[in-house]
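Residue numbers (the UniProt record's numbering): 1 to 759.
Note that the Cβ used here is the ideal one computed from N, Cα and C, for glycine as well.
Predicted, not measured: the structure shown is a model, and the values here were computed from it.
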Amino acid sequence: MSERMFRERMRAGAGTGSGAGRTASAAPAVNLGAAVIRQRRPLGDPSAGGARVAYALAGIVAAMLLLAVGAGAGLHLLPAIIAAGGLVGAFLLLSGRDEASGKRVAGAGETAQDPARHGIETAALLATIHDAMGDLAIVRDLDGKIMQANGAFHELCGCADARGLTCAELGLRFEPKTGPDRYFVHIYTPSGTRLYDWHDVLVRDPARGRPMRHSIARDVTEEMLAASQREEARRRAEEASRAKSRLLATVSHEIRTPLSGILGMSRLLAETRLSEEQKNYLAGMQQSGHTLVQLVEDLIDFSSLAVGRFQLRPSQEDLRQTVENVVEMLSPRAHEKNIEIGATVAIEVPERMLFDAARLRQVLFNVVGNAVKFTEKGGVFVSVDIENGSVRIRIDDSGPGMSADELARVFEEFEQAGDDAQRAKGTGLGLAISRRIMEAFGGSLTATSMSGKGSRFEIRFPMAGAGLSGVPVRRGILAGAQVLVMAPEGPSSAALAATIETLGGTCHRASTLAVAGRVVAGALGNRLPLTDVIVDHRHAAQFRELLALEPAIAGLRLRRTYLISPEERTSHPVSRLGGYEAWLIRPLRERSLVEVLLGRLRGMEKRDAINDNRPVLREEPTATVMTSDVRGILLAEDDPVNALVLRSLLSRAGRAVDHVGDFKALEAALRSAGSAPPPLIVTDLNMPGGDGLDVLRRLREAEAAGGRRRVPVLVLTADARGDLDERLRAAGADAVLAKPADPQRLLAEVTRLMDPVAK
């Protein structure tokens, strides 16, 4: 193999083998002498020098012996000639050895130059590779002088030969290091400035042994521009989110404040003498107001969930009472559509457990409210039980059901099922928000449905902090009760029967006169110890017919209970319900049912629809002096309507009220009170004359500095920001309520905060 062919093969191996892409310092050294060790070596080869010396010495020894033997024999000329020939041969052999030695030294020098040539060739090969990839590649000495550069570098810098120049002389601007021997380099080109990711590697010159710097750079202009654009987009999105939050807080405040006044005044108006027509108008106004409140709450919750500010506030609550409250609140909507609604709670459900009652109530309002909304015939049935350590709430309706496509989209934002008229009544956010709330619970909200077969929504969340003390009290409380329920088939009678059975009693449902007759016949024949009969007002005529058919029923000691809807109370007063000992309102509350069946309660007494307790309305609210408090509650509210509503509400609860209209007046009133501060401060958060948080901080600092009693503060706010509650409490608030505040909750907070003061 010739030396030229060997080098060509080595270059091909460097370009295509595993060593491709190495820097010059990492390229393997090539020993060209190793390529000829397989060739036959002639005698003159330097490696045969030892044999030449041996042959020469043997010739000299032989010549000396020949001369000695010839002299002893008297022969001198012939031995001398032969000996001279041997000496000449020895001389020639030794001369050949010296020549071979000289050639070997020359060959060694040539071999020493091969790594340098190979390093240059490897660098050239790498430069070609970097050219193909569009990268820059240069080699510089430690003074920064360019020793070699690839074509891409020359083309970019517009320089035919960069050798001997520095990067600064070519206009390259280096940024501070981003890592060891790594920079971002700006290179000015005719098409604009380009940004390169620049790497330096320190290597050693194989020819001279001097260190040199091998640099490789890649154009990252487009990548950095894209990253910069992404960062700018993220910054703008965050700013837009903050702006949206500010807008939402502002709009929420501006909507909540007048809405609070509207609902408050409507509640006061409902307590005055009104005609039936006026009551209907007022009911419509209140319903519209509550719908608007729910719309505002949905928008606020959706925004809070979107930005991750949503927080749960769990506490020990009564789950059964929460479910019953929701069902009771939604029953007027159901009865208006002539459909039924009912609920039952399994015996294993604890009386109290740890959950966020307000948020669960919101979810139930959305889910049960939707079931009522889309059901035109039949009704809605809510059941609660425990499965595998989780609370399970099922909402079943007999509505039109959903197609597979509607079911797939039912939990998406701004999606609504139903016809056009039904879709017009909502934002399409309720179920989406509800599902995300239940996910925050650590649970789920799912749906199953078939078109024309109704729907089932299922709420699940882990049971936590359960107090089991209430379970034995419920179990078996109606043991021995045998109840005949005469009512139409539907969720109402199903819930009633399930509750009786859950509490240990036995229920006999009769939706027809024939079924009721068979049950009564069993009681008359002493086969069935019937104890109670509950008659739905819609089956009152059947019960009267049953009494006429079976006069012996009068001899049975049956407790007769009349079941009525809230809307029928006025037209069916207790005094006119002859023969009935008690009455109940559907949907039933479990506690009321138990009290009636145990004979401890006649039922809910009829309330006067009309009363003469009219509030005194004045254009400018003034302080009302009451004898129940030494000093009145200090009310700070800048909106005249809301101030009037709050003053009237507190006055009716027997509380004296002093009213101020801004923060300056509030602080002035506190300064003038001195050592006799008011028992409670009820204040709006956003009023003229200062910032509510700052006013709270100054109040607490003044109390601490003067050693004065801490005055409880109840803050009313229309601000919807998720972290506001914590900030207010950190500043010194004792309670925070969102506008429009529920009157009962407001009075409960007032009582809670004032009772310790009174004591």
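Three or more C-beta pairs under 8 Å: does that hold for the region 580-592 against the region 324-344?
Yes, the region 580-592 touches the region 324-344.
Bounding residues of the alpha helix (DSSP H) (the contiguous stretch that carries Val596):
Segment Glu590 to Leu597, the alpha helix (DSSP H) holding Val596.
Check Glu232 in the structure and name its three-state DSSP category.
The answer is helix: DSSP assigns Glu232 an H, G or I state.
Contact set for Ala358: own chain, Cβ-Cβ below 7 Å, skip 5 residues either direction
Excluding its 5 nearest sequence neighbours in each direction, Ala358 has no C-beta neighbour in its own chain below 7 Å.
Do you know offhand how far Asp356's Cα is from Arg313's?
Asp356 and Arg313 have their alpha carbons spaced roughly 5 Å apart.
When you compare each of Pro529, Asp658, Leu407 and Leu597 to Lys453 by their alpha carbons, which one comes out closest?
Of the candidates Pro529, Asp658, Leu407 and Leu597, the one whose C-alpha sits nearest the C-alpha of Lys453 is Leu407.
Mind checking whether His537 and Glu568 have CB atoms under 8 Å apart?
Against a cut-off of 8 Å, the Cβ pair of Glu568 and His537 comes out as a contact.
Note down the Cα distance separating Glu110 from Phe184, rounded to an integer number of angstroms.
Bear in mind that a pLDDT of 48 at Glu110, under 50, signals an unreliable position, so the model cannot answer this.
At 4 residues or longer, what runs of the alpha helix (DSSP H) sit wholly inside the region 636-714?
Runs of the alpha helix (DSSP H) inside the region 636-714: 640-652, 663-673 and 692-706.
Cβ pair count under 8 Å reaching 3, the region 634-643 against the region 651-660:
Look at the beta carbons and you see the region 634-643 touching the region 651-660: at least three pairs across the two are nearer than 8 Å.
Who are the near neighbours of Thr624 in its chain, counting only those whose CB is closer than 8 Å to its CB and skipping five residues on each side?
At Thr624, the pLDDT of 38 sits below 50, so the modelled position is not reliable; the number obtained from the coordinates is stated separately. Cβ contact annotation for Thr624 (same chain, cutoff 8 Å, sequence separation greater than five): Gly632, Arg647, Ser651, Ala656 and Val657, in chain order.
Measure the C-alpha to C-alpha separation of Met402 and Pro551 and round it to an integer number of angstroms.
Those two C-alpha atoms are separated by around 50 Å.
Residues of its chain near Leu528, where Cβ-Cβ distance is below 6 Å and the 5 sequence neighbours each way are ignored:
Once the five neighbours on either side are set aside, the close Cβ partners of Leu528 are Gly522.
Run through DSSP, which three-state label would Ala733 get?
The answer is coil: DSSP assigns Ala733 none of H, G, I, E or B.
How should Gln229 be labelled, buried or exposed, when 16 other C-beta atoms within 10 angstroms of its C-beta is the threshold for buried?
Burial check for Gln229: the Cβ neighbour count within 10 Å stays below 16, so the residue is exposed.
To the nearest angstrom, report how far apart Glu501 and Phe411 are at their CA atoms.
C-alpha separation (whole angstroms): 35 Å.
Would you identify the three-state DSSP class for Met754, choosing helix, strand or coil?
In the structure shown, Met754 falls within a helical segment according to DSSP collapsed to helix, strand and coil.
At least three beta-carbon pairs within less than 8 Å, the region 199-206 to the region 162-173
Using a Cβ-Cβ distance cut-off of 8 Å, the region 199-206 and the region 162-173 are not in contact, since fewer than three pairs of beta carbons, one from each stretch, lie closer than that value.
Gly137 - containing beta strand (DSSP E), residue span:
For the sequence presented, residue 137 should be read as Ala rather than Gly. Counting along the chain, the beta strand (DSSP E) containing Ala137 begins and ends at Leu136 to Asp141.
Compute the Euclidean distance between the alpha carbons of Asp161 and Met224, then round it to the nearest angstrom.
Roughly 30 Å separates the two Cα atoms.
Starting from Asp396, trace the alpha helix (DSSP H) both ways and give me its first and last residue.
Per DSSP, Asp396 belongs to no alpha helix (DSSP H); it is in the beta strand (DSSP E), Ser390 to Asp397.
Can you tell me where the beta strand (DSSP E) holding Gln148 begins and where it ends?
Boundaries of the beta strand (DSSP E) around Gln148: Ile146 to Ala149.
By how many angstroms is the C-alpha of Glu175 removed from the C-alpha of Pro206?
About 31 Å.
To the nearest angstrom, how far is the alpha carbon of Ala609 from that of Val380?
Low local confidence applies: a pLDDT of 32 at Ala609 is under 50, so the model's placement there is unreliable, with the coordinate-based value given in what follows. Counting only the Cα atoms, Val380 lies some 29 Å from Ala609.
Looking at C-beta atoms only, is the number of pairs between the region 730-742 and the region 706-721 that lie closer than 8 Å three or more?
Yes, since at least three Cβ pairs between the region 730-742 and the region 706-721 fall closer than 8 Å, the two stretches touch.
Cβ of Ser485 within 8 Å of Cβ of Ile534?
Correcting the residue identity first, residue 485 is Val in this sequence and not Ser. For the 8 Å CB-CB criterion, Val485 and Ile534 form a contact.
Within a Cβ cutoff of 6 Å, which residues of the same chain sit near Gly599, ignoring the five residues on either side of it in sequence?
There are no such residues.
Can you give the Cα-Cα distance for Asp691 and Asp396, rounded to whole angstroms?
Going by the C-alpha atoms only, they are around 49 Å apart.
Quick one: Cα of Ser434 to Cα of Gly442, how far?
About 13 Å.
Return the first residue and the last residue of the alpha helix (DSSP H) that Glu324 is part of.
Per DSSP, Glu324 belongs to the alpha helix (DSSP H) from Leu319 to Glu336.
Sequence-distant residues of the same chain with beta carbon closer than 6 Å to Ala34, five excluded per side:
Residue placement at Ala34 is poorly supported in this model, since its pLDDT is 30, which falls under 50; the coordinates are not used for a value here.
Reducing DSSP to helix, strand and coil, say where Cys507 ends up.
DSSP places Cys507 in strand when its eight states are reduced to three.
Please look up how many angstroms separate the CB atoms of Ser266 and Met285, rounded, as I've assumed it's under 8 Å.
Rounded to whole angstroms, the Cβ separation of Ser266 and Met285 is 6 Å, and the two are in contact under 8 Å.
Here's the rule: buried if 16 or more other CB atoms are within 10 angstroms of the residue's CB, otherwise exposed. What is Arg256?
Buried, since its Cβ has 16 or more Cβ neighbours within 10 Å.
Please look up how many angstroms separate the CB atoms of Leu680 and Val596, rounded, as I've assumed it's under 8 Å.
About 40 Å; that fails the 8 Å criterion.
Suppose you measure from the CA of Arg709 to the CA of Ala741; what does that come to, to the nearest Å?
When the Cα atoms are used, Arg709 and Ala741 turn out to be separated by approximately 27 Å.
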